[in-house]
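One structure is given here, and the rest of the page talks about it.
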Amino acid sequence: MAGLTGLNKKPEPTEQDKMLDAFISGAEKRVKALESSEKKFIRYTFSLNEDISKLIDELVVKGQNARINRSSIVRAAIENLSTYSADELKEILNK
2 MAGLTGLNKK PEPTEQDKML DAFISGAEKR VKALESSEKK FIRYTFSLNE
52 DISKLIDELV VKGQNARINR SSIVRAAIEN LSTYSADELK EILNK
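Following this note's numbering, the numbering of the sequence shown begins with 2 at its first residue and continues without gaps.
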């Protein structure tokens with residue numbers, strides 16, 4: 002009966018095997034979450050002075066995340082500004 006050596010019952014998975022499987026399945030879930038979304042982005046052009054442009058670059062570096070770019074800094078700033086009341090926004094913009 003040559004060739005039938007692999008038919009033995011497989012041993013129970015060890016705790017380490019279970020941990021590895023959980024890690025791998027978790028990684029797959031995280032990768033799926035990173036896949037592109039259905040959002041549609043539109044390119045706009047606007048002007049910045051050199052100081053503001055440098056400030057945006059500094060914020061990108063401070064973000065310490067490979068997914069942070071200049072657009073994400075501008076989006077975060079706009080979302081933050083939208084939380085202010087009309088009077089607070091006027092005061093900020095008049096500075």
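C-beta atoms are modelled at their ideal positions from N, C-alpha and C, and glycine is treated no differently.
CB contact flag (residue i, residue j, <8 Å)
i   : j   : result
I53 : V61 : no
Y85 : I79 : no
I57 : R76 : no
C-alpha gap between residue i and residue j, whole angstroms
i   : j   : result
K19 : I25 : 10 Å
L8  : K41 : 53 Å
N95 : L21 : 56 Å
G64 : P14 : 41 Å
Q17 : A23 : 10 Å
E51 : E59 : 12 Å
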